[in-house]
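The numbering of the sequence shown is this note's numbering, which starts it at 1 and goes up by one.
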Amino acid sequence: MKIGVPKELLADETRLAVSPDSIKKYAGMGFDVVVESGAGVSASFTDQRLVEAGATISSDQQQTIKDADIVLKVRGPDSDSGDDMRNYGSKSIVIANFSALTKKDKLSDFAKTGVTAFAMDLMPRITRAQSMDILSSQSNLAGYKAVLDAANAMGRAYPMMMTAAGTIPPAKVFVMGVGVAGLQAIATAKRMGAVVTATDVRPATKEQVESLGGKFLEVDAEMEKNAQTEGGYAKEMPKEYVQKQKEVVAEHVKKQDVVITTALIPGRPAPILVTEKMVASMPDGSVIVDMAVEAGGNCPLSQLGEVIDVGNVKILGHANIPGRIAEDASQLYAKNLLNFIIPLVNSEQKSIEIDWEDEIITGTLICKNGKIVHPALTGEK
């Protein structure tokens with residue numbers, strides 16, 4: 001059995017789909033792990049470090065992919081990013097983050113190669129799959145990094161400081177969207193000494209915010225009762241709620257030093273939470289970190305991959321925030337993939353045996369036998 005790990009082709013992708021730890025585990029399961037030369041450098045995994053863990057280094061991306069039984073990637077193959085679809089075929093099993101719900105139209109050509117592909121971004125939210133949930137592991141790091149990025153961009157400190165020269169008041173940090181990223185942002189900002197408030201359409205998050213030492217900014221408790229799906233994701237809210245939210249938030253934003261927005265709706269553009277008027281009302285020197293910028297942004301002024309000044313407010317639109325902590329992000333992502341692969345392997349026979357009826361398999365399988373098969377992508381669901 002062979003695992004192939006090609007170099008990521010997107011310019012801003014610094015992560016790797018394996019780590020030295022996961023390579024050792026794969027070797028123990030009977031896999032030969034082949035990694036394209038230089039693939040792990042930006043994650044601090046040199047070729048030498050990977051070889052010491054048990055990997056073989058290849059200088060040929062095509063062969064790395066074609067010879068593999070399983071291909072592991074951070075980002076799913078995409079011809080727009082330079083991936084050669086001819087490298088994939090019916091022998092290939094590809095496991096990656098495909099951003100499947102937002103890139104449905106780009107999956108057809110990939111499916112036609114006959115490849116069997118699993119989208120880790122579609123992992124079911126069930127207890128058994130928690131250790132495989134790449135969205136949670138990567139969002140957790142992203143929430144932490146967003147707070148640090150804001151601190152770096154802001155010209156003042158987070159904690160209150162009492163000095164002989166006078167007292168520095170604590171910074172005010174407002175987190176919009178209390179998912180995994182938002183919760184980590186709240187916890188990090190609080191640890192750094194800021195006064196933290198947060199808001200979310202899901203009322204269940206109020207208790208979570210308060211448990212971390214933050215204060216919950218409520219908009220409309222009645223409307224928020226039906227604000228999440230059975231899977232725990234936020235629903236798109238009615239226009240009257242959105243308007244009321246804007247009014248409540250607009251008054252609150254005027255007093256904030258840092259606003260971190262994390263709101264995403266799977267398969268839809270990110271909702272606008274911070275308007276141009278709100279940005280103009282913020283104190284001089286304040287910072288907005290738009291963590292949803294890759295899905296269009298929670299602020300219409302955000303620019304993907306850019307840090308811009310609007311008046312005296314900085315708006316951070318960093319792409320791939322987890323990739324800004326590439327080593328840890330790779331370690332966690334690699335462990336998620338390892339946990340997904342372990343049940344697919346017959347350890348005694350040293351062979352790949354997939355239970356096609358397993359809920360985790362049906363939930364992540366996006367294409368097989370030349371066709372897109374996931375119900376969320378075919379319109380059957």
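All C-beta atoms in this analysis are idealised placements derived from N, C-alpha and C, irrespective of residue type, glycine included.
What's the gap between the Cα of residue i and the Cα of residue j?
i: Gly285; j: Asp133; result: 37 angstroms
i: Lys190; j: Val279; result: 23 angstroms
i: Glu357; j: Ile23; result: 28 angstroms
i: Arg49; j: Ala55; result: 9 angstroms
i: Asp21; j: Leu72; result: 15 angstroms
i: Gly177; j: Gly30; result: 43 angstroms
i: Leu148; j: Met282; result: 20 angstroms
i: Ala68; j: Met1; result: 8 angstroms
i: Val242; j: Asp220; result: 10 angstroms
i: Pro269; j: Gly297; result: 8 angstroms
i: Pro203; j: Pro238; result: 16 angstroms
i: Thr364; j: Gly155; result: 44 angstroms
i: Gly290; j: Ser139; result: Here the sequence assigns Asp to residue 290, which means Gly is not the residue at that position. Taking the straight line from one Cα to the other gives about 13 angstroms.
i: Ser79; j: Ala187; result: 39 angstroms
i: Gly267; j: Ile315; result: 24 angstroms
i: Gln61; j: Ile372; result: 25 angstroms
i: Lys254; j: Ala292; result: 21 angstroms
i: Cys367; j: His252; result: 46 angstroms
i: Ala250; j: Lys104; result: 35 angstroms
i: Leu304; j: Val175; result: 20 angstroms
i: Gly28; j: Glu52; result: 14 angstroms
i: Pro77; j: Leu135; result: 18 angstroms
i: Val209; j: Ala198; result: 7 angstroms
i: Phe98; j: Met192; result: 35 angstroms
i: Cys299; j: Thr378; result: 31 angstroms
i: Lys215; j: Pro170; result: 15 angstroms
i: Glu218; j: Gly317; result: 26 angstroms
So, is residue i buried or exposed, given that buried needs 16 or more other C-beta atoms within 10 angstroms?
i: Ser108; result: exposed
i: Asp200; result: buried
i: Met120; result: buried
i: Ile126; result: exposed
i: Met162; result: exposed
i: Glu8; result: buried
i: Glu240; result: exposed
i: Gln245; result: buried
i: Glu348; result: exposed
i: Asn404; result: Given that the chain is displayed from residue 1 to residue 381, the structure contains no residue 404 and the question cannot be resolved.
i: Gln256; result: buried
i: Pro322; result: buried
i: Glu306; result: exposed
i: Thr46; result: exposed
i: Pro159; result: exposed
i: Lys350; result: exposed
i: Lys277; result: exposed
i: Ala164; result: exposed
Quick one, which of the options has its alpha-carbon nearest residue i's?
i: Val18; options: Ser281, Lys350 and Leu337; result: Leu337
i: Val34; options: Glu13, Val248, Gln63 and Arg86; result: Gln63
i: Tyr26; options: Thr46, Ala334 and Tyr158; result: Ala334
i: Leu301; options: Gly28, Glu247, Pro271 and Asp105; result: Pro271
i: Asp309; options: Gly296, Ile260 and Val287; result: Val287
i: Ser44; options: Gly28, Arg15, Val242 and Ile354; result: Arg15
i: Gly370; options: Pro6, Ser92, Asp60 and Gly40; result: Ser92
i: Thr261; options: Ala146, Val373 and Ala171; result: Ala146
i: Asp12; options: Pro77, Lys103 and Arg324; result: Arg324
i: Glu247; options: Val41, Leu273 and Lys112; result: Leu273
i: Leu183; options: Glu251, Ser211, Ser37 and Ala171; result: Ser211
i: Arg128; options: Ile342, Gly317, Val259 and His374; result: Ile342
i: Ile352; options: Thr116, Asp84, Lys206 and Val258; result: Thr116
Look at residue i and residue j and say whether their C-beta atoms are less than 7 angstroms apart.
i: Ala194; j: Val180; result: no
i: Ala185; j: Gly143; result: yes
i: Ser137; j: Leu264; result: no
i: Glu294; j: Ala326; result: no
i: Ile3; j: Ile70; result: yes
i: Pro6; j: Ile65; result: yes
i: Leu122; j: Ala153; result: no
i: Ile95; j: Phe118; result: yes
i: Leu141; j: Ala376; result: no
i: Arg86; j: Leu10; result: no
i: Gly82; j: Thr113; result: no
i: Ile168; j: Ala151; result: no
i: Leu344; j: Ile360; result: no
i: Asn339; j: Ser131; result: yes
i: Ser37; j: Ser59; result: yes
Is residue i near the ligand GDP, in the sense that its beta carbon is under 6 angstroms from a heavy atom of that ligand?
i: Gly317; result: This structure does not include the ligand GDP; it has no bound ligands of any sort.
Under 7 angstroms between C-beta atoms, does residue i make it to chain B?
i: Ile93; result: Within the model displayed, chain B is absent; a lone protein chain is all it includes.
Within the region 30 to 105, ranges of the beta strand (DSSP E) (whole runs, at least 3 residues) | Scanning the region 30 to 105 from its first residue to its last, the whole beta strand (DSSP E) runs of 3-plus residues come out as 32 to 36, 56 to 58, 70 to 75 and 93 to 97.
Ignoring anything shorter than 4 residues or poking outside the region 155 to 239, list the alpha helix (DSSP H) runs there in chain order.
-> If we require 4 residues or more, the alpha helix (DSSP H) runs fully inside the region 155 to 239 come out as 180 to 191 and 205 to 211.
Continuous alpha helix (DSSP H) assignments of at least 4 residues falling wholly in the region 265 to 299 = Given a length threshold of 4 residues, each whole run of the alpha helix (DSSP H) inside the region 265 to 299 is given here in chain order: 276 to 281.
With a floor of 4 residues, list each alpha helix (DSSP H) that falls wholly inside the region 305 to 358, ordered by position along the chain.
-> 326 to 341, all fully within the region 305 to 358.
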